[in-house]
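All remarks here apply to the structure that follows.
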Ligand SMILES: [Fe+2]
């Protein structure tokens, strides 16, 4: 169905390149978009899920050099970065895809995901942690390019129950991200550890989520996140 492969590349960014990105951030080169998705249980005493600090990658020569040019070489010569931001996450994201911004079952809620322009199709989501954290992104095998959340997928497509995820794995990584019942339809492709400078690449249409990092004692975590597209006519590279 797709050639958007899942890949982890360690040391994609060096410590000094990350330092440069942190300087850009401190110098106000990233603009803040608050993500005030009201999904957090009130007892958590948090007023938001995350902050998104947007970079204009096409008008930033250095980011072009250390991110875009390298990604184009590795993944696709015509890769387009629709969105490049520092994700500052305060509450684990539940299981979702990054290919669409809207899902009818989320009560009309539209999130910050940028959709493909005409002539383009969803490419990879890239995640590059800015530090090493006791946290992971869980990527599932299931790919649903036009759906945002598992409950819509289960209702519409009636997928088979796999029972592939053990109770131990569910407790360790997924208990804040999906119900035990819905997890029965998913299987895990990759567990990406948040290591400074590592790159996680995965199809924007694949279900993924954060582990329970706040349950593991972290207050927040930060990473560069990019949503990309590639031209439809060049789909096979
Ligand atoms: Fe995502």
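Residue numbers (the working numbering): 7 to 243. Cβ atoms here follow ideal geometry from the backbone N, Cα and C, with glycine treated the same way.
- Item | Alpha carbon of residue 218 to alpha carbon of residue 197, nearest angstrom | 13 Å
- Message: Please classify residue 48 as buried or exposed, where buried requires at least 16 neighbouring CB atoms within 10 angstroms.
- Response: exposed
- Query: Looking at the unbroken alpha helix (DSSP H) that takes in residue 76, where does it start and where does it end?
  - Reply: 75-80
- Message: Would you call the stretch 144-163 in contact with the stretch 95-107, where contact means no fewer than 3 C-beta pairs closer than 8 Å?
- Response: yes
- What's the gap between the Cα of residue 160 and the Cα of residue 85? 31 Å
- Query: With distances taken between CB atoms, is the gap from residue 132 to residue 212 smaller than 8 Å?
  - Reply: no
- Using the Cα positions of residue 178 and residue 55, report the straight-line distance between them to the nearest angstrom. 21 Å
- Best match in 65, 42, 125 and 20 for proximity to residue 95 [C-alpha to C-alpha]: 42
- Which residue from 61, 123 and 53 puts its Cα closest to that of residue 30? 61
- Task: Would you please state the rounded distance, in angstroms, between the beta carbons of residue 205 and residue 14? I believe it to be under 8 Å.
- Result: 7 Å
- Message: Our contact map puts residue 203 next to residue 70 with C-beta atoms below 8 Å; I'd like the distance itself, whole angstroms only.
- Response: About 18 Å; that fails the 8 Å criterion.
- Among 164, 186, 167 and 163, which one has its Cα closest to the Cα of residue 173? 186
- Own chain residues within Cβ distance below 7 Å of residue 38, not counting five before or after: 57 and 59
- Thinking residue 232 and residue 87 are a contact (beta carbons under 8 Å), I'd like their distance in whole angstroms, please. 5 Å
- Query: Do you know whose CA, among 63, 229 and 74, lies nearest residue 137's CA?
  - Reply: 229
- Query: Based on Cα-Cα distance, which residue from 128, 192, 9 and 130 lies nearest to residue 175?
  - Reply: 192
- Message: Under DSSP, the beta strand (DSSP E) around residue 232 begins and ends at which residues?
- Response: 227-237
- Query: With burial defined as no fewer than 16 other Cβ atoms inside 10 Å of the residue's Cβ, what is the status of residue 22: buried or exposed?
  - Reply: exposed
- Message: Taking its Cβ as the centre, do 16 or more other Cβ atoms sit within 10 Å of residue 64, making it buried, or is it exposed?
- Response: exposed
- Looking at C-alpha atoms only, which residue of 225, 184 and 127 is the closest neighbour of residue 239? 127
- Query: Among residues of its own chain, excluding the 5 on either side of residue 140, which ones have a beta-carbon nearer than 6 Å to its beta-carbon?
  - Reply: 222
- Item | Closest Cα partner of residue 143 within the set 214, 81 and 163 | 214
- If we call anything under 8 Å between Cβ atoms a contact, is residue 135 one with residue 201? yes
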